[in-house]
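Only one structure is covered here, and it is reproduced in the block below.
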Amino acid sequence: MSILDGLFRSRDKPQNRTSGSTYTFFTGGSSSGKMVNERSAMQMTAVYACVRILSEAIAGLPLHMYRYREDGGKEKATDHPLYLLLHDEPNPEMSSFVFRETLMTHLLLWGNAYAQILRNGKGEVIALYPLMPNKMSVDRDNNGQLYYTYQMASEDTPAADAGLVILKPSDVLHIPGLGFDGLVGYSPIAMAKNAIGLAIATEEYGAKWFANGAAPSGVLEHPGTIKDPSRVREAWQSQFGGSSNSGKIAVLEEGMKYTPITISPEQAQFLETRKFQINEIARIFRVPPHMVGDLEKSSFSNIEQQSLEFVKYTLDPWVVRWEQSIHRSLLSEDEKATYFVKFNVEGLLRGDYQSRMNGYAIGRQNGWMSANDIRELENLDRIPAEEGGDLYLINGNMLPLKDAGAFANISTTEGREEPDEVKDEKVLEVDESVDRRGIRRAGP
43 MSILDGLFRS RDKPQNRTSG STYTFFTGGS SSGKMVNERS AMQMTAVYAC
93 VRILSEAIAG LPLHMYRYRE DGGKEKATDH PLYLLLHDEP NPEMSSFVFR
143 ETLMTHLLLW GNAYAQILRN GKGEVIALYP LMPNKMSVDR DNNGQLYYTY
193 QMASEDTPAA DAGLVILKPS DVLHIPGLGF DGLVGYSPIA MAKNAIGLAI
243 ATEEYGAKWF ANGAAPSGVL EHPGTIKDPS RVREAWQSQF GGSSNSGKIA
293 VLEEGMKYTP ITISPEQAQF LETRKFQINE IARIFRVPPH MVGDLEKSSF
343 SNIEQQSLEF VKYTLDPWVV RWEQSIHRSL LSEDEKATYF VKFNVEGLLR
393 GDYQSRMNGY AIGRQNGWMS ANDIRELENL DRIPAEEGGD LYLINGNMLP
443 LKDAGAFANI STTEGREEPD EVKDEKVLEV DESVDRRGIR RAGP
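In this note's numbering, the protein residues as written are 43 to 486.
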C-alpha cells in the first residue's frame, strides 16, 4: 500500500468508520483557558438546569404503544411485550422514568444515547440497559455494515472480563443527536465549549473574589526594607482575607500604605457577564430563560406562551427522535405496519382551567368530543355508556348525532302520506298558536 492510497479513496466504497465517530469538535481546553468536558460542564448551574429540565420533561411524558384499528383509529396495545418495557420497567433495575432520564442526559451531554437490547429466543425484546456514550464507537466493516464497539470496564460488570464488546445494530437502541452523517451525533458540550468555558471562568473569578475578602487586591508599601515579606503578607491575609473578615478596619504600622491596583467587579461588568453566559447556555439547549431562573423579560401575560413554545420548538424535536428511534430499533418489520410508539404531550399543551373548559365546551357542542373524551383528558372516571357518556351531541336541541336531520329526511311532497307523528305536531301547533294581538285562538 502506497502513501497515495491513503490520500485518495473512492467515495463510493465503504470505509471502516463513520465520519461522525471521529469528532470534529473536541472537549478539553477552551479559549478562556478552562478545561471543559461533560462532567465539568455539569458543575455549571445553567448547564445542570438545562439538562435536568429537558431530561425530566422527556422522562415524565406518558409513553404508550398503540396499534392501528381497521376502522382507521388507534388503541393502546397493552398486550404487547414492549408496552410494559417502555411504559413501566425497561429492566429489573430501573423504572421507565429513570431509564429515559438517563438516556436523555447522555443525549444532551454526549450527543448520543445508547441502550443494549436483550432478546429472547423468539426475537422479542425483554430488557433495555443504558450504555455510556463515551465508551461506544460506531464503525463500518469491510462490507459497509455498521457495528458498535463498547469498551467494557471491570466496574461495569464485575462478573465479566473487561474488554471490547462488538454489538450488531439490532442489539443497540441508538438515539443520535445533531450530526453531519445522520448516524452519530455531536456533543453539544464540545461544540459550545468556549461559551461554557467563559461561564466557568467567570464563576471562578467571582468565587476567588469573595474568597479574598470581597475587596480588590492591592499592594502593601513599606518605606523601609522588609526582612520577611512573606510573613507580612500572611499576617495581612489571615486578618483581612476571606469573606468572614470583610469590612474589618486595617491598622497599618511603620508608615505602611495600602494601594488597590484592580478595578471593582461592577466596573468590569462582572454581573452582566454572568447573566449573559447563563442566557448563552440556555440558548444552546433552546430552553426559555425563565425556566432557568431568569425572569427579567417574563411576565404573567407571556410566560404561558413561552411555556407552549418550549413544548413546540424544544421538546417536540426530541420527542420525534425518540419515537422514530424506538420504532426503527425495537419493532420488527411486520410490527412496524401495525404498531407505533407515541409520547403524549397534550398535558403540557393544556392552558389554564378556564381555557380548557371553554375548549371542551366547543368540542362538546359541535359533536367531536363526548363526555368521556373530556373526562379522560381531565383524568376523571368514565361515565357508563348506558348513561350517555359516549354520546356525541350537536348544538341546537342537543340531539344525538345519529338523529340529526331525521325530520329533514321526511318527504312532504304531494301524493305521499305524512307520518302520524308529524300530523299530530301540526295540529298541536294550530291549537296552541296565537294571533297578532297575543290572544290564543279558540279551538275547533
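Built from N, CA and C at the ideal position, the CB exists for glycine as well.
Keep in mind the model is a prediction, meaning the values are calculated, not measured.
Bridge partners of residue 179, per DSSP? 191
Secondary structure at residue 111, three-state DSSP: helix, strand or coil? coil
Helix, strand or coil, according to DSSP, for residue 169 in the structure here? strand
What alpha helix (DSSP H) runs, 4 residues minimum, are completely inside the region 87-152? 87-102, 123-129, 138-152
Residue 93 vs residue 147 beta-carbon contact at 9 Å: yes
How long is the line joining the alpha carbons of residue 347 and residue 396, rounded to whole angstroms? 16 Å
Own chain, CB closer than 8 Å to residue 246, minus 5 neighbours either side, in chain order: 76
Any idea what DSSP makes of residue 233, helix, strand or coil? helix
6 Å Cβ shell around residue 328 - same chain, five flanking residues per side excluded: 356
For residue 111, which residues from the same chain have a beta carbon less than 7 Å from its beta carbon, with the 5 sequence-adjacent residues on both sides left out? 117
What does DSSP give as the partner residues of residue 382 in its beta bridges? 108
Counting along the chain, where does the beta strand (DSSP E) carrying residue 205 start and finish? 205-209
Given a threshold of 16 other Cβ atoms within 10 Å of its Cβ, counted over all protein chains shown, does residue 320 qualify as buried or as exposed? buried
Under 6 Å Cβ to Cβ from residue 89, same chain only, skipping five residues before and after it: list those, please. The beta carbon of residue 89 sits closer than 6 Å to the beta carbons of 83, 323 from its chain, once the five residues preceding and following it are set aside; these are given in chain order.
Can you list, in chain order, the residues of its chain whose CB lies under 6 Å from that of residue 416, leaving out five sequence neighbours each side? 402
Run of the beta strand (DSSP E) containing residue 414, from where it starts to where it stops: Not the beta strand (DSSP E): residue 414 falls in the alpha helix (DSSP H), residues 413-419.
Assign residue 314 to buried or exposed, taking buried as 16 or more other Cβ atoms, counted over all protein chains shown, within 10 Å of its Cβ. Counting the other CB atoms within 10 Å of its CB gives residue 314 a total below 16, which places it among the exposed residues.
Beta strand (DSSP E) containing residue 218: first to last residue? Element bounds for residue 218: 214-218.
So, residue 235 versus residue 334, is the Cβ gap smaller than 9 Å? no
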